[in-house]
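Here the structure comes first, spelled out in structure tokens, and everything after it is commentary.
Numbering (my numbering), first residue to last: 34 to 962.
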């Protein structure tokens, strides 16, 4: 197991269950992945307690771990975390209060253990129709005790009353007794043996119209069934002619069968599968995996009681793993003959690692003792009686259940007569297999066989009389190798007996059946007279005996010579055949040489094609990498949808709009929440499918203040068929804001043009009225228009947003020299209206200083100072070192223009001081930074 796939919680809980057994507790809290589910199963199987956290006001933050454990059905108690402490304390206290149940069988509450068991089994039988009286006593009461701990009960009588009053508790006890704990490919070595040796034999000699039938009793939630089905499917892919396969999976637990039929399992239960098998035979569906149809169609699930219901018949294999370990010895003696009856001759029985066939070795041949694989012997046994494991009437298996004989059906007169003749007049005989194990005895074999000292045995060579063993061994070996009848005569049964007894044997192979069997027939021969006869009689008899031995020796020698000559002839024939085969091999070798050249040429072509294919794969990999990097680098949200609006792929930017995660690929987009206000989204997509034309839709400003342009373009996979749509969302906020600003500028420009024309008209009108000549009008008018132009130039440079007060004054005065004026104040930004008005004011003041003020003399100076006081802009214009001035008798147009711009347009205040030292103009206007 790699570090990435290691499940530390599962490993810890499994180790805890192995170490502490029923004293172990598994608590599954908040966490990612499905770690902890398999560990909780191990704790439950060991009889411990399992708890999982459920949602409340504070969690769990990551519900994947508890959700996976609860979905697997192994959790006893699912509660919020703040209730777990009380449950754990109650569980710990329950061991003390249940000690009396374990030690005294519940005698303290007036009920012995056997009575309690009968009562509980009666309630279970009435509720489910199944009686668990055949369960092992320790296993039964261990499960009862576990339920008493969960329900915090102290006496068996109290628990029985609870069972009678609460049907749900009967269901919970029923589930605990069934112990539905299984995994995919549990015991890897055993399934490897099944795959490599057993499954190929199931298909030997099977044609397309034949069927391979497998029965899996006690299938639980189906993991073992699907493990066998996966191996069967892999073998079917290797055979040219595939027979029909039927896997019958049965159990008495309907909820477990429902899980098996659904064939849906969490990812944590697939740890026993290789990556290749997981990829081929499972389809991801959300957080679970579903068995593919090619495997699911091989399996038939149905409720069935192993003993109460009639067994399945004509099975090629029965797989019953880890069920017998929970059954008592009486029930096990019933189940094993049922398995033999269900199997075809030579069928296979697959048991769990802790199970065996017990005393029924004559029914099954052991193929692999370690992994518990057995083969049914070809014996015509009776149909075993089917007493009720899950019913009220039970009976043990009687001895005649396994009596070897014909099946009890109607016999014809001919069959009855033949049976009587065989019984009374046939010679004694036995049937053995290739290992000399006796599988059948006839009557009258006691003279030739004797029971040895020690452990009972069915080995023929061990049971045979002392003088028979050597000839039996050699004759049986010869019959096995030649597959022909072999006889031996004049065999002394026991050299120590007086008189000596002679016999003959004949061994013949039995045709038919999958197991190689042989019949051994015994014949009695004449016996020598006792040693008490006279000497002459003994001598004559001795001569006759020697002559008979000599004759037998000559016959054996002659037989050996004939066999030798026959072997020589066969050797010559074999030599000729070998020469012929050699010539055929030579010819085949030449053909192989030609085929080798063709193969080499084909291999070169394949290498060329492989190189081209590798180049194409590299190009495809680069294209995929480029596409993935393009997806990751682009800031455009893009989603690819099929015709059912199922997500194929998407760029990372799209996740912010639809709350997408990698696991959402394959889900319909309509099932996910969206941040977009686009109610006609689905209708626009349908319009693209109908018309084949792209759709463009601009979304209004969202909560983040952004605008987006949605493009829905048809996705054409091949030709002109539309296989889906591509949805892109482009951020057009800057374009939308630029468009809005453009409209503002146009409106502002129109307004300014109108205002400018009105200002120019007013300036022209006043200038004409106050000018003494056209030359004076021209000079004043052009100067004032120049001031306006300069102000507009500053505003244009600033995109009509704001303008610097320093630039306004400097622009008007820098023509007179930088040493003629000083500017004091921070660089403030004025609005377009304030800038235009202040430019007109600066022009009028500079023009007046040129004509009448400080700039009319060479040493005259102007200082301009501004500051901000209480949201008011204070500007002071002071002239010094100019001519002496006094207050004029009347105000001119320039003064009126100043007052109009400051007080009317800018809502400010204007003050003028005609000091002899120079003019001082001060004004304030509203100003906000």
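Beta carbons: idealized from backbone N, C-alpha and C, even for Gly.
Cβ of residue i within 8 Å of any chain D Cβ
i	result
residue 619	Within the model displayed, chain D is absent; a lone protein chain is all it includes.
Check whether residue i and residue j have beta carbons under 8 Å apart
i	j	result
residue 693	residue 705	yes
residue 551	residue 541	yes
residue 44	residue 83	no
residue 875	residue 912	no
residue 493	residue 505	yes
residue 909	residue 898	yes
residue 223	residue 404	yes
residue 685	residue 664	yes
residue 698	residue 718	no
residue 206	residue 177	yes
residue 883	residue 889	yes
residue 946	residue 918	no
residue 348	residue 383	no
residue 103	residue 152	no
residue 461	residue 477	yes
residue 302	residue 217	yes
residue 48	residue 70	no
residue 707	residue 691	yes
Residue i burial status per 10 Å Cβ neighbour count (16 or more: buried)
i	result
residue 877	buried
residue 660	exposed
residue 380	buried
residue 757	buried
residue 266	buried
residue 597	exposed
residue 284	buried
residue 373	buried
residue 94	exposed
residue 582	exposed
residue 72	buried
Chain-order list of residues whose beta-carbon lies under 8 Å from that of residue i (same chain, five-residue window excluded)
i	result
residue 233	268
residue 325	313, 314, 315, 316
residue 318	297
residue 481	461, 497, 498, 501, 526, 536, 555
DSSP three-state assignment for residue i, whether helix, strand or coil
i	result
residue 218	coil
residue 252	coil
residue 374	helix
residue 193	helix
residue 939	coil
residue 837	strand
residue 947	strand
residue 597	helix
residue 776	helix
residue 513	helix
residue 864	coil
residue 463	strand
residue 65	coil
residue 358	helix
residue 230	helix
residue 47	helix
Same chain only: Cβ atoms within 7 Å of residue i, ignoring 5 sequence neighbours per side
i	result
residue 401	226
residue 557	536
residue 943	931, 932, 935, 936, 956
Other residues of its chain near residue i: CB distance less than 6 Å, five sequence neighbours each side excluded
i	result
residue 297	321, 323
residue 335	283
residue 385	354, 355
residue 110	84, 120
residue 519	508, 511, 512, 540
residue 464	472, 473, 550, 552
Cβ contact (3+ pairs, closer than 8 Å) linking the region 667-683 and the region 743-762: Verdict: yes, contact present.
Taking contact to mean at least 3 C-beta pairs separated by less than 8 Å, is the region 929-939 in contact with the region 859-877? Segments in contact, yes.
Would you call the region 714-725 and the region 745-755 in contact, with 3 or more CB pairs under 8 Å? Touching, yes.
Can you find at least 3 beta carbon pairs, one from the region 351-371 and one from the region 245-262, that sit closer than 8 Å? Taking one beta carbon from each stretch, the region 351-371 and the region 245-262 have 3 or more pairs nearer than 8 Å; the two touch.
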